[in-house]
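The structure appears below as structure tokens.
Number of protein chains: 6
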Amino acid sequence: MFVKSLLDRIVDNALAEDLEGGDLTTEATVPPEARAVARAVARKDLVVCGADVFARVFSRVDPGVRVERALDEGADAKRGDVIWIAEGSARSLLMAERTALNFVQRMSGIATLARSYVRALPEGAKTRITDTRKTTPGLRVLERYAVRVGGAHNHRDTLGSAVMIKDNHIQAAGGIALAVERARARAPHTSKIEVEVASLAELDQALAAGADIVMLDNFAPADVAVGVAKARGKALVEVSGGITLERIAELARAGVDVISSGALTHSAPSADIALDLERLG
Amino acid sequence: MFVKSLLDRIVDNALAEDLEGGDLTTEATVPPEARAVARAVARKDLVVCGADVFARVFSRVDPGVRVERALDEGADAKRGDVIWIAEGSARSLLMAERTALNFVQRMSGIATLARSYVRALPEGAKTRITDTRKTTPGLRVLERYAVRVGGAHNHRDTLGSAVMIKDNHIQAAGGIALAVERARARAPHTSKIEVEVASLAELDQALAAGADIVMLDNFAPADVAVGVAKARGKALVEVSGGITLERIAELARAGVDVISSGALTHSAPSADIALDLERLG
Amino acid sequence: MFVKSLLDRIVDNALAEDLEGGDLTTEATVPPEARAVARAVARKDLVVCGADVFARVFSRVDPGVRVERALDEGADAKRGDVIWIAEGSARSLLMAERTALNFVQRMSGIATLARSYVRALPEGAKTRITDTRKTTPGLRVLERYAVRVGGAHNHRDTLGSAVMIKDNHIQAAGGIALAVERARARAPHTSKIEVEVASLAELDQALAAGADIVMLDNFAPADVAVGVAKARGKALVEVSGGITLERIAELARAGVDVISSGALTHSAPSADIALDLERLG
Amino acid sequence: MFVKSLLDRIVDNALAEDLEGGDLTTEATVPPEARAVARAVARKDLVVCGADVFARVFSRVDPGVRVERALDEGADAKRGDVIWIAEGSARSLLMAERTALNFVQRMSGIATLARSYVRALPEGAKTRITDTRKTTPGLRVLERYAVRVGGAHNHRDTLGSAVMIKDNHIQAAGGIALAVERARARAPHTSKIEVEVASLAELDQALAAGADIVMLDNFAPADVAVGVAKARGKALVEVSGGITLERIAELARAGVDVISSGALTHSAPSADIALDLERLG
Amino acid sequence: MFVKSLLDRIVDNALAEDLEGGDLTTEATVPPEARAVARAVARKDLVVCGADVFARVFSRVDPGVRVERALDEGADAKRGDVIWIAEGSARSLLMAERTALNFVQRMSGIATLARSYVRALPEGAKTRITDTRKTTPGLRVLERYAVRVGGAHNHRDTLGSAVMIKDNHIQAAGGIALAVERARARAPHTSKIEVEVASLAELDQALAAGADIVMLDNFAPADVAVGVAKARGKALVEVSGGITLERIAELARAGVDVISSGALTHSAPSADIALDLERLG
Amino acid sequence: MFVKSLLDRIVDNALAEDLEGGDLTTEATVPPEARAVARAVARKDLVVCGADVFARVFSRVDPGVRVERALDEGADAKRGDVIWIAEGSARSLLMAERTALNFVQRMSGIATLARSYVRALPEGAKTRITDTRKTTPGLRVLERYAVRVGGAHNHRDTLGSAVMIKDNHIQAAGGIALAVERARARAPHTSKIEVEVASLAELDQALAAGADIVMLDNFAPADVAVGVAKARGKALVEVSGGITLERIAELARAGVDVISSGALTHSAPSADIALDLERLG
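Structure below.
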């Protein structure tokens, strides 16, 4: 569920981009009284995501448009399935079409990719797949939601939600121990402290410093296994860097707790959804 | 060049998303007086795009950060090349890092894909590659710019910039002739009229109606050739639907004027750019 | 029809200007439970324009106010005619009154002026009257709409909708031929190219360069006729500069395609509309 | 002087309207490195108004543009006079031109009309000319400023700045005495109370109720004189309704304190200002 | 009554602050279909204030939540009294809870303090208690409203609503007489002129200059009495500086017209209101 | 350090509230060329907080004003100490004065209260004092910062930063164990899980469920001690509800890790800071 007022801000911004100058074609060719029904149809298999946003785009163009769901959020749509159905003024449907699709194609694209990652996990694995902060500027809240709809998890939301100590912070603080100590002294007691490590030696330091989570950055497979063993019972183990669909099962079997992947949001291909319009009356 | 105030709106929006609650890690571990230099480095070959945006993100976090260009906008960067260099407060650089990269990885990703499409054109071809309105909500102006930096062209910007008559408009108006007539009667005299056609029969009607541009939607290769011949001297020929890198040369050789592709913006993979930080003093 | 979210942005902005500090008078003198009906009445003959905006101002102050139309958008109202009727809380009606009227007096003023220009065209003339980009900052979308309601047409909406090459561009490019060539090479294939010319010599160059539209800037009547003859079959002819009601028929008879006038929007006198309030119950 | 942040909000809004999609023509024809000087020139006699806004439009497009004043704010410019001079990137000057002019043509138009009203006052008259709340939505602060630059005065700014009791308030309160009493009891002690009266009988009631200002609405000339005599020493006398340049001297001689006119802002013709560009180097 | 669009701006801003990243706890633990009723309960005696804002917060999170009033605005709630009742999705109620309470605890806190000040006035006193411009940035409209709900009055709203001449203005103008003269010459005729004086000598000058209101700044009690006597029949007397509950009766008996206190808004303790949730069904 | 663009949004919003209609008094009485220096002076002992905001208010009114710090952020100012010094146009200083003070009086008030809480801790205590989400709508980022400047700590920032399970969540989930299990399954792995408990029995359940933090809500002192003993080595112990300066030492001695207090932000009295202006030249 999205807070309505936050959703409006994103939707209105997108509508302004396309419709500030009206819709020359629709206003010239479609009579104002014409009514129609528009069906969002999957052109390829995909995971359904974005029902609220889809509906909100139409209602911010014209509160008179009604939207219904033919498939649930998160459903596996097959090619040809109708996903959502909008009904109302033909002009309004045409004017909102592209903006609505631009949102849900991206959201469903991310949900679809996320699900494929999750399905790559071995049966019964406790490893979770997460996104990163590598989201599209302005759309983070929607993309993180799509990741969850796909069955994956979210990493920290913002720079203010949790501590994540990287090489630059370590350098600035004068070592891992000092960096963790400072973070613990200053950050909210509700935030976990994660340390990104580039080697097993750094991992040892991070564990000694009491990190809640250690992130193994671009570790070789063998080192991942050693890292997991070292961290057991002390810290959660996250792996990141060069995550591919192929490596997921292997990493899960190695016992890592978290696999984080920027590609989930920054490189998910758009899901193919079309809007089929039918005149009424 | 971007109008400064328009750029700020997009950049500020993105910064709010990540930094509303501050940066727990940086504030805890990096002393306020520390200074650093940050180099944006290409991790893979890519087309450089987004210098203004990159610089603006840093200066909206902290006007004291200076940014210089090591490579020109549109340059072909090789893996390992330094692209831009930012210098200033280490805290500011770390706080702006992710937002700045999220913008330029997307922009450079699009520019890189666009250039690969353009390079797929046969030597001397007059065909132009264009984007569509299938852009990321909120980022259209940046993505259209990236398309141009990559050497491709833009299609119409908004629903208010040009007339594009699709099947729904034709249906609503009662035929291609009527739709074109109405559009010509009502749209600004500065806007061209494009008609999307699904068959050679429709193409004939569109040409007879005096369309300025005809868009052959998912035509078979043989039909494209016939369409080009029919339209010669009467209208520009645009082809769209299922455009792949492989088909570009063939379409160009068939003589189409414009190849438009939504994938240019909605499915370009993120370019791999990293920010290497070095403490000063 | 206006996209609701875009309209709200303009309306909310205007309401903030007048009502940020409440309405001292109404809150002191009108009981909260009082209800009333308010009739918008034409004080002089005018062309009705702004129904949606009128209604939206009231509903953004108080969603409980209902607004009905007594006359259609674009109707010729006679002095004394009731145009719209709002009913609801007396306080809300009084608080919204001035803002609502400020919008519709301007919009109806422009529609009224536009219609007088259109009526000055000779019977059967194909010439169209258009506005320019000389609109009130912040209200372009409403003013362009008012122009259409009055029966005139719109020129290009923004600097991004069509190419219009003026003397400065010609100078910068090094001549009309070069300027047109560059514009054709870079602008979207959906945009027409218009060239503003100051003499018959420049007109020849523009036609030779293949301009889609030529704009004769402040041409003498005799030169207009020559220009029209030269351009026939090659480009649309637009005339601008010092357009008065008197010159319209003459220009139309000379065969110009478009007469553009900044005065339509920047100097239209406000239409005289009053709001008559009647207490209910 | 305008508060910078408030000015930016208005200016940015206007720039977005024209430049959201860039400037096709300028980007195609003017090289990025070209520099120019642009001179704002009066095409007719006018009162100069809007220097700060003019400069701000250019600097919000491009902070590198410098603007200087050739004539002071409020000066009487003669046809042909240079008013302001902007220097910088030719592209930036061209992109900002129309928006800058749209602002100052309106502001100077209002200042010019206001000055003509003020000059219509007899030598030594103490009567002041004021505007009303009939301003352009979104531009009230600029238009009120222009009124002052022209030498006239402002009426109350908003519904929250002062009490103005009109017929509807009187009706709702159950009479003038009650309305004034309630307003005095509830409104801030810093706000004056003005009562609009439609007859001499109402004037008597307003004076008896202790109104600070009485507004004679559409009074016949003879009644204005009687009203002024009645109010002397008790309340300021304002006259409104059907104010023309011709009636101003007569009203001033009748001794009214304030003449308020909506036409000052809602129907002032645009001042004719052009921007002459000259390439540098 | 609040103008709906202005209220939304404040409410949306507050919701963004808390809910931009969703509500981790509620989304994890509360099923989407759960419904509940939430009762806002006074934990201590207080003056009820903020019904509209309370309701609007819930409806901007979720238009499906219904809010009813158990106590009227301005009522004296006793500890344990139910004030408002919200019913709808349990998730929505929990997500909006804190933001809604943050508003009404502040508003009711101010109303409660204001009422205690008003009740400290002697029976029949005509003195009014007012706020100042020392309000919380961003919440002025709500805080001024709360002051009125508590039975006190508002001072001028903004720097643009009335003239208030302080020592710096006097110094800049070269004396009280000159400052008042200039203010009278330039400020709207609808604005009163108040002069802040620091001594009886300055008071004499302000009265001689014709100030409408004199503000005795931190006067000793004896001087207040002298000041009131001097000003009688010439100007309203306002007292400010170090106002405490204890001094109010004494000042009222001394005959001052207005007692203004910044503490009313800047230091009112938060009223204690809790939200008790009960699951439905 | 504040991200500049986020600070501007808050500052601009506050300036609009006070200055939308200009400053009648200053514009009438202070010549535009007058320059002055303004010193922010502590009228009572206080903790200095808000330097960046103070400076930004002046520069958003007028970029020409320069601000310097006489005391460091977080310093203990004594009554009479100069804190900050602004120099520039006298008009600009006067126009920005109240808004600047409204911000820093609130921020310094919170910092002062926070420091008094921190100083109430026994020597060497490891207990931290934190704020809550009971902040002023629209100012959370500034108030949390002020808490830190005072030496206290922040609790979670938003509903999206950490999990905090309260009675309603427990009820909805069907018990503490289930609620914690669901939160752990769904919330980001970077977020800690806090459980609010109302009794020692609930505390046992929360510890058994593996809560990272337990919050003892309004526990009797004896129970706090028992709770601390139970939680040792298993979870952090937070105490909240009815926190007063007096109870802090006792709670710290009982060994609680965190004392959270809403009063720190919702009921801190405003710090007394004045702006003394001196004309220059």
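Residue numbers (the numbering used here), protein chains in the order written: chain A, 176 to 456; chain B, 176 to 456; chain C, 176 to 456; chain D, 176 to 456; chain E, 176 to 456; chain F, 176 to 456. Glycine included, every Cβ here is placed at the ideal spot set by N, Cα and C. The structure displayed is predicted, hence computed values, not measured ones.
Answer yes or no: does any C-beta atom of chain D fall closer than 8 Å to that of residue i?
i	result
Asp247/B	no
Glu195/A	yes
Ala384/C	no
Pro312/C	yes
By alpha-carbon positions, which one of the options ends up nearest to residue i?
i	options	result
Asp332/C	Gly325/C, Asn343/C and Leu317/C	Leu317/C
Arg290/C	Gly255/C, Gly326/C, Met270/C and Ala261/C	Gly326/C
Gly408/E	Arg422/E, Gln280/E, Thr419/E and Leu382/E	Leu382/E
Asp220/B	Arg235/B, Glu377/B, Ile418/B and Val257/B	Val257/B
Gly255/B	Phe278/B, Gly335/B and Ala215/B	Ala215/B
Leu194/B	Pro207/B, Ala354/B, Met270/B and Arg294/B	Met270/B
Thr204/E	His330/E, Ala265/E, Ala406/E and Leu296/E	Ala265/E
Glu262/F	Met282/F, Asp247/F and Arg241/F	Arg241/F
Ala443/D	Asp306/D, Pro297/D, Ala211/D and Leu268/D	Asp306/D
So that I know if they touch, is there some Cβ in chain E lying closer than 8 Å to that of residue i?
i	result
His344/F	yes
Val228/C	no
Ser501/D	Outside the modelled stretch of chain D, which goes from 176 to 456, sits residue 501/D, for which no answer is possible.
Using the three-state DSSP reduction, which class does residue i fall into: helix, strand or coil?
i	result
Val222/F	strand
Ser445/C	coil
Gly434/C	Residue identity differs from the one stated: residue 434/C is Ile in this sequence, not Gly. Reduced to three states, the DSSP call for Ile434/C is strand.
Leu334/B	coil
Taking 8 Å as the CB-CB limit, is residue i close to chain F?
i	result
Ala265/B	no
Taking only beta-carbon positions, decide if residue i is within less than 8 Å of chain C.
i	result
Arg214/A	no
Val223/E	no
Arg303/B	yes
The alpha helix (DSSP H) spanning residue i covers which residue range?
i	result
Ser415/D	Element bounds for Ser415/D: not the alpha helix (DSSP H) but the beta strand (DSSP E), Leu411 to Ser415.
Val401/F	Pro396 to Ala406
Ile345/E	Asp342 to Ala348
Ala358/B	Ile351 to Arg361
Ala209/A	Per DSSP, Ala209/A belongs to no alpha helix (DSSP H) and is neither H nor E.
Shorter than 8 Å from the beta carbon of residue i to some beta carbon of chain B?
i	result
Lys179/C	no
Gln280/A	yes
Glu272/C	no
Please confirm if residue i has its CB atom under 8 Å from at least one CB of chain A.
i	result
Asp237/B	no
Ala191/E	yes
Check for me: the beta strand (DSSP E) holding residue i runs from which residue to which?
i	result
Glu243/A	Arg241 to Arg244
| query | What are the start and end residues of each continuous beta strand (DSSP E) run of 3 or more residues lying completely inside the region 251–298 of chain B, in chain order? | reply | 257–264
| In chain order, which continuous runs of the alpha helix (DSSP H) of length 4 or greater are located wholly inside the region 302–330 of chain F? | 315–324
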